[in-house]
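Here's the structure, in structure tokens; my notes come after.
In the working numbering, the protein residues as written are 15 to 414.
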């Protein structure tokens, strides 16, 4: 995100001395992408950011996957994965249950009321969508306030923790990349500004308030951080212990930082006839895209068909997370709030029987869904196997 921000105390010129009130030097850290060749930020720490005093293996939750075979469209009921008692004992980091994944992206779901440990994903960026609830997300850059409908974008290796707020648990739909996640290139100028035809702009992106500087006894005691990282056999974890708290940044500036974007600030692109899914795109990663379908005026040609036409995913798997309103094309399939549909490449899919006729003459769709399209096949995680509706694949042939 090439959008410059500055928080706290930074020196007039980068890579020069920056001293605190007692005359001691702050420790400058460059957090950058693509080997010094892309977006970056400079953070100024009171302690040495590389200092660790212990490291032990961290056993991740079950991240195994199994092939989608036989090749089937699938319906997953995510709300069945957590009950109220489980949510009270769960946090947004360690409680995630893997639903779908491949070598490029992993999709998990969690319902949590507890505060998370300090955490850093060194595999790729995270895009967390809050279906409901609210949280404070504390990061080395400062504090984010996240509410229902927010996407929380966390760059790779951002140390952070989730602190749910309010009476209701956080319901979070977690998209973890093996790459970076950013606005689509077609929305950006050659210098990185969001263009006039983009469905959102920089005013809609909310960076951290800060900096967040931990003080008192907590600042100088051993602090544990869970790190998810790449290993020779796939994704693994390490439990680091630092001699001081990692939230010791007095200032930072640059174009790489966490931020939130609320789905209500996405301005839908509509037309006289049905528009294809790319008009709903909000972010992109390597070999996948993220789209959102928001409440909107629908097609206004006098003979228009507002629901999607049947289509074959020749190059991609399509994952739709239904998180609000009524999704017209899926009525009669059993899909509702908290459902996922997986329509894999090789299967032609589209509206449920009767949906086309029911949609004729509609002027507005009140629906909210987050879509992930991948360009490699998705496999099923343990969460998918635990909440699948086995009848979904046959619903287009209902009444046969």
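No residue lacks a Cβ here, since even glycine has one placed at the ideal position from N, Cα and C. It should be emphasised that the depicted structure is a prediction, and the values quoted were computed from it without experimental measurement.
Just curious, the alpha helix (DSSP H) that residue 98 is in, first and last residue?
-> Locating residue 98 in the chain shown gives position 84, where the first residue counts as 1. Segment 98–102, the alpha helix (DSSP H) holding residue 98.
Coil, strand or helix - residue 409 by DSSP | To locate residue 409, count along the chain shown from 1; it is residue 395. In the structure shown, residue 409 sits in a helix (DSSP, three-state: H, G or I).
If you compare alpha carbons, which of 267, 321, 369 and 168 is closest to residue 59?
-> For the purposes of this step, residue 59 is identified with residue 45 of the chain shown, where counting begins at 1. When only C-alpha atoms are compared, the closest one is 267.
By Cβ distance below 6 Å, which residues in the same chain neighbour residue 170 in space, the five residues on each side in sequence not counted?
-> Residue mapping note: residue 170 aligns to position 156 of the chain shown, counting from 1. 138 and 139.
Below 7 Å CB to CB, which residues in the same chain sit around residue 63 once its five sequence neighbours on both sides are set aside?
-> Taking the chain shown and counting its residues from 1, the one referred to as residue 63 is at position 49. Cβ within range, chain order: 41 and 43.
Which partner residues of residue 386 appear in the DSSP bridge assignment?
-> Looking up residue 386 in the chain shown gives position 372. Note: residue 386 sits in a beta bridge opposite 304 and 333.
Is it right to say residue 325 is buried, meaning 16 or more other beta carbons lie within 10 angstroms of its own, or is it exposed?
-> What you label residue 325 is simply residue 311 of the chain shown in a count that begins at 1. With fewer than 16 other Cβ atoms within 10 Å, it is exposed.
Straight-line CA distance for residue 38 to residue 248?
-> If you number the chain shown from 1, residue 38 lands on position 24. If you number the chain shown from 1, residue 248 lands on position 234. About 41 Å.
For the alpha helix (DSSP H) that residue 149 lies in, which residues bound it at each end?
-> Walking along the chain shown from the start, residue 149 turns up at place 135. Counted as a single uninterrupted DSSP element, the stretch harbouring residue 149 is not any alpha helix (DSSP H) but the beta strand (DSSP E) occupying residues 148–153.
As assigned by DSSP and simplified to three states, the class of residue 397 = Working through the chain shown from its first residue, we reach residue 397 at position 383. Three-state result, residue 397: helix.
Taking residue 302 as the reference, give the member of 74, 92, 83 and 115 with the closest Cα.
-> Here residue 302 corresponds to residue number 288 of the chain shown, with the count starting at 1. Among 74, 92, 83 and 115, the Cα nearest to that of residue 302 belongs to 115.
Pull up the CB-CB distance for residue 104 and residue 395, whole angstroms please, since I reckon it's below 8 Å.
-> Indexing the chain shown from 1 puts residue 104 at position 90. Indexing the chain shown from 1 puts residue 395 at position 381. 17 Å between Cβ atoms; not a contact.
Determine the closest residue to residue 375 out of 382, 361, 318 and 351, with distance taken between C-alpha atoms.
-> The residue you call residue 375 lines up with position 361 of the chain shown. Selected option, being the one with the closest Cα: 318.
Give me whichever residues DSSP pairs with residue 166 in a beta bridge.
-> Walking along the chain shown from the start, residue 166 turns up at place 152. The partner list for residue 166 (beta bridge, DSSP) reads 142 and 274.
Using beta-carbon positions only, say whether residue 335 and residue 187 come within less than 7 Å of one another.
-> Locating residue 335 in the chain shown gives position 321, where the first residue counts as 1. Locating residue 187 in the chain shown gives position 173, where the first residue counts as 1. Going by C-beta atoms, residue 335 is nearer than 7 Å to residue 187.
Assumed close pair residue 288, residue 320 - CB separation to whole angstroms, cut-off 8 Å = Position 274 of the chain shown, counting from 1, holds the residue named residue 288. Position 306 of the chain shown, counting from 1, holds the residue named residue 320. Between residue 320 and residue 288 the Cβ distance is about 7 Å, and since that is below 8 Å, they are a contact.
On the DSSP bridge assignment, give the partners of residue 21 in chain order.
-> The residue given as residue 21 occupies position 7 in the chain shown. For residue 21, which the question treats as bridged, DSSP gives the partners 266.
Classification of residue 31 by the beta-carbon crowding that lies within 10 angstroms, buried from 16 upward = Translated into the one-based positions of the chain shown, residue 31 becomes position 17. Classification of residue 31: exposed, given that the 10 Å Cβ count is below 16.
Determine, using beta carbons only, whether residue 344 and residue 366 come nearer to each other than 7 Å.
-> Here the question's residue 344 lines up with position 330 in the chain shown. Here the question's residue 366 lines up with position 352 in the chain shown. Cβ distance < 7 Å, so residue 344 and residue 366 count as in contact.
Endpoints, the beta strand (DSSP E) within which residue 241 is located = In the chain shown, residue 241 corresponds to position 227, counting from 1. Bounds of the beta strand (DSSP E) holding residue 241 are 237–245.
How long is the line joining the alpha carbons of residue 259 and residue 406, rounded to whole angstroms?
-> Translated into positions along the chain shown, residue 259 becomes position 245. Translated into positions along the chain shown, residue 406 becomes position 392. When rounded, the distance between both Cα atoms is 49 Å.
Could you spell out where the beta strand (DSSP E) holding residue 73 opens and where it closes?
-> In the chain shown, counting from the first residue as 1, residue 73 sits at position 59. Unbroken run through residue 73: none, as it is neither H nor E.
Give the range of the beta strand (DSSP E) segment to which residue 373 is assigned.
-> Counted from its first residue, the chain shown places residue 373 at position 359. Here residue 373 belongs to no beta strand (DSSP E); instead the alpha helix (DSSP H) covers 369–373.
Please list, in chain order, all residues of the same chain as residue 300 whose beta carbon is under 8 Å from its beta carbon, the five residues on each side excluded.
-> Position 286 of the chain shown, counted from the first residue, corresponds to residue 300. By the criterion of a C-beta distance shorter than 8 Å, residue 300 is surrounded in its chain by 118, 191, 192, 193 and 194, once the five residues flanking it on both sides are discounted.
State the DSSP-derived secondary structure class of residue 364, mapped to helix, strand or coil.
-> Taking the first residue of the chain shown as 1, we reach residue 364 at position 350. Reduced to three states, the DSSP call for residue 364 is coil.
Going by the CB atoms, is the gap between residue 264 and residue 22 shorter than 7 Å?
-> Here the question's residue 22 lines up with position 8 in the chain shown. Here the question's residue 264 lines up with position 250 in the chain shown. Result yes, Cβ atoms of residue 22 and residue 264 sit closer than 7 Å.
Near residue 387, which residues of its chain fall below 6 Å by C-beta distance, leaving aside the five closest residues on each side in sequence?
-> Along the chain shown, one-based indexing puts residue 387 at 373. Within the same chain, residue 387 has close Cβ partners 303, 330 and 332.
Cβ of residue 163 within 7 Å of Cβ of residue 278?
-> Taking the chain shown and counting its residues from 1, one reaches residue 163 at position 149. Taking the chain shown and counting its residues from 1, one reaches residue 278 at position 264. Closer than 7 Å, so yes.
Please check the pair residue 227 and residue 175, which I expect to be a contact at CB under 8 Å, by giving their CB distance rounded to whole angstroms.
-> Working through the chain shown from its first residue, we reach residue 227 at position 213. Working through the chain shown from its first residue, we reach residue 175 at position 161. So it is not a contact: roughly 15 Å between Cβ atoms.
Measure the CB-CB distance between residue 224 and residue 150 and report whether it falls below 7 Å.
-> Numbered from its first residue, the chain shown carries residue 224 at position 210. Numbered from its first residue, the chain shown carries residue 150 at position 136. For residue 224 and residue 150, no; Cβs fall outside 7 Å.
Beta-carbon proximity of residue 154 to residue 180, cut-off 7 Å | As a position in the chain shown, residue 154 is number 140, starting the count at 1. As a position in the chain shown, residue 180 is number 166, starting the count at 1. Going by C-beta atoms, residue 154 is not nearer than 7 Å to residue 180.
Based on the DSSP output, what are the partners of residue 126 in its beta bridges?
-> The residue given as residue 126 occupies position 112 in the chain shown. DSSP, once it has assigned bridges, lists 184 as partnering residue 126.
Three-state secondary structure (DSSP) of residue 196 = Sequence index remark: in the chain shown, residue 196 carries index 182 (1-based). In the structure shown, residue 196 sits in a strand (DSSP, three-state: E or B).
How big is the Cα-Cα spacing for residue 261 and residue 276?
-> Position 247 of the chain shown, counted from the start, is the residue given in the question as residue 261. Position 262 of the chain shown, counted from the start, is the residue given in the question as residue 276. Using only the alpha carbons, I get a separation of about 26 Å.
Leaving out the 5 sequence neighbours to the left and right, which residues in its chain are closer than 6 Å to residue 214 when beta-carbon positions are compared?
-> Start at 1 with the first residue of the chain shown, and residue 214 comes out as number 200. Excluding sequence neighbours, residue 214 sits near 279 and 280.
Inter-residue spacing [alpha-carbon to alpha-carbon] between residue 71 and residue 250 | Counting from 1 along the chain shown, the entry for residue 71 is found at position 57. Counting from 1 along the chain shown, the entry for residue 250 is found at position 236. Approximately 8 Å, taken between the alpha carbons.
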